[in-house]
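Residue numbers (the numbering used here): 93 to 426.
Quick notes on the structure that follows.
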Amino acid sequence: MVKIGDIELCDFPLLLAPMEDVSDPPFRALCKEQGADLVYTEFISSEGLIRDAAKSVKKLDIYEKERPVGIQIFGANLESMLRTVEIVEQSKPDIIDINFGCPVKKVVSKGAGAGILKDIDLMVSLTKEMVKHTKLPVTVKTRLGWDESSIMIEEVAERLQDVGCAAISIHGRTRAQMYKGNADWTRIAAVKNNPRMHIPVFGNGDVTSPERAIEMRDDYGLDGCMIGRAAIGNPWFFKEVKHFMATGEHLPIASIEDRVEVARRHLEMEIAWKENEVQAVMETRRHYANYFKGIKDFKDYRIRLVTEDSAQGVYDVMNEILDRFTGVENLMQK
Numbered sequence: 093m094v095k096i097g098d099i100e101l102c103d104f105p106l107l108l109a110p111m112e113d114v115s116d117p118p119f120r121a122l123c124k125e126q127g128a129d130l131v132y133t134e135f136i137s138s139e140g141l142i143r144d145a146a147k148s149v150k151k152l153d154i155y156e157k158e159r160p161v162g163i164q165i166f167g168a169n170l171e172s173m174l175r176t177v178e179i180v181e182q183s184k185p186d187i188i189d190i191n192f193g194c195p196v197k198k199v200v201s202k203g204a205g206a207g208i209l210k211d212i213d214l215m216v217s218l219t220k221e222m223v224k225h226t227k228l229p230v231t232v233k234t235r236l237g238w239d240e241s242s243i244m245i246e247e248v249a250e251r252l253q254d255v256g257c258a259a260i261s262i263h264g265r266t267r268a269q270m271y272k273g274n275a276d277w278t279r280i281a282a283v284k285n286n287p288r289m290h291i292p293v294f295g296n297g298d299v300t301s302p303e304r305a306i307e308m309r310d311d312y313g314l315d316g317c318m319i320g321r322a323a324i325g326n327p328w329f330f331k332e333v334k335h336f337m338a339t340g341e342h343l344p345i346a347s348i349e350d351r352v353e354v355a356r357r358h359l360e361m362e363i364a365w366k367e368n369e370v371q372a373v374m375e376t377r378r379h380y381a382n383y384f385k386g387i388k389d390f391k392d393y394r395i396r397l398v399t400e401d402s403a404q405g406v407y408d409v410m411n412e413i414l415d416r417f418t419g420v421e422n423l424m425q426k
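The structure is reproduced here in structure tokens:
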């Protein structure tokens, strides 16, 4: 059993990664229903929370049914980060996670996210003070390093553990790589296999199939895997991985009825959460290509799904999809 503080997870938990404009409460709830063991919010700006910026504050919303849940924050100023901890605690998350890995320029340019990989001492001191400032478990998500020449993730992980970090998730790329090339899991395994490490070490990057998840567990010995892009528009991915781990067999692909039902519920929950139909319709669009990925002769429906401006318009297209594809043999493209 994997433990983060007093939070007990299964032997090899599957974590939903924090993804900007993706990992919101409705999507997290859907992933939880489909087998995610721990979910994280979108990353939240410490400066935005302190300014009471509406978008940042909204990200603090948590559904009880998605627990355990971690709220992820980013920043590089100690005073701001400590004040943010106090604000975040009011939402009663199970975990506070620090983002030391986001490679996006607007974050890095402020010394936050992966930008802090240029100043490991600051990274460690921020973590230390945040651990001291809360009774909640504090976890970290980071990358291997700023670039290939500055990778020292084994030392970094040790130092973070020594100041109280309760678990670490490592994306197997440097900031310089962004999302290009292959994630290097061997360096994550080196952290896990360090005899001084005793906190959970989770791998992130390129977990695109159940087989890859098992490889991360069996070949690299990691404590769990954090799943990001593979889950977008595909919350079933968690259930598929768990089924494959238990049986060695792949689940049948989701039926057209299941796909429409989950896509419809996703939009309904977005509307209820945002209380803004137009915004909910716009922000749910990013998932539709994956909800219906691989279906033959689907292009026109996909275009309509991502161009409809009203919820009713989207529901009407979904009803047409059911009429057109229910019972169709050989639904998927080869």
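Don't be surprised by glycine CBs; every beta carbon is placed ideally from N, CA and C.
| Item | Value |
| --- | --- |
| Cβ-based burial, M215 [other Cβ within 10 Å; buried from 16] | buried |
| Burial state of E421 (16 or more Cβ within 10 Å) | exposed |
| Range covered by the alpha helix (DSSP H) that runs through H371 | Looking at the sequence provided, one finds Gln at residue 371 rather than His. Looking at the DSSP string, the run of the alpha helix (DSSP H) that includes Q371 is 369-383. |
| Nearest-angstrom beta carbon gap, A259 and P292 [assumed within contact, 8 Å] | 4 Å |
| Spatial neighbours of K331 in its chain, beta-carbon cut-off 6 Å, leaving aside the 5 residues before and after | Q126, G127 |
| Option in C102, R378, R396, V299 with minimal Cα separation from H160 | The sequence given here places Pro at residue 160; His does not occur at that position. The candidate whose alpha carbon is nearest that of P160 is C102. |
| Per-residue burial, G140 [other beta carbons within 10 Å of its own, 16 or more giving buried] | buried |
| Inter-stretch contact (C-beta, 8 Å, three-pair minimum) for the segment 346-366 and the segment 297-317 | no |
| Runs of alpha helix (DSSP H) lying entirely within the segment 129-184, each at least 4 residues, in chain order | 138-142, 146-150, 170-181 |
| Any 3 or more C-beta pairs closer than 8 Å across the segment 197-204 and the segment 240-249 | no |
| Unbroken beta strand (DSSP E) run spanning S261, endpoints | 259-263 |
| Among I395, P344, E369, the one whose alpha carbon lies nearest that of M424 | P344 |
| For G193 and A206, believed in contact at Cβ under 8 Å, the rounded distance | 5 Å |
| Cβ neighbour criterion (16 or more within 10 Å) applied to V131 | buried |
| Start and end residues, beta strand (DSSP E) containing D189 | 187-192 |
| Boundaries of the beta strand (DSSP E) in which L108 is found, first to last residue | 106-108 |
| Check whether T432 and Q182 have beta carbons under 9 Å apart | As shown, the chain starts at 93 and ends at 426. That puts residue 432 outside it, with no answer to give. |
| Residue range of the unbroken beta strand (DSSP E) whose run includes F294 | 293-296 |
| Contact check, Y271 vs R279, beta carbons under 9 Å | no |
| Where K95 falls: helix, strand or coil (DSSP) | strand |
| Member of K334, D401, S242 whose CA lies at the smallest distance from the CA of Q269 | S242 |
| Neighbourhood of R416 by C-beta distance below 8 Å, restricted to the same chain and skipping five residues each side | Y393 |
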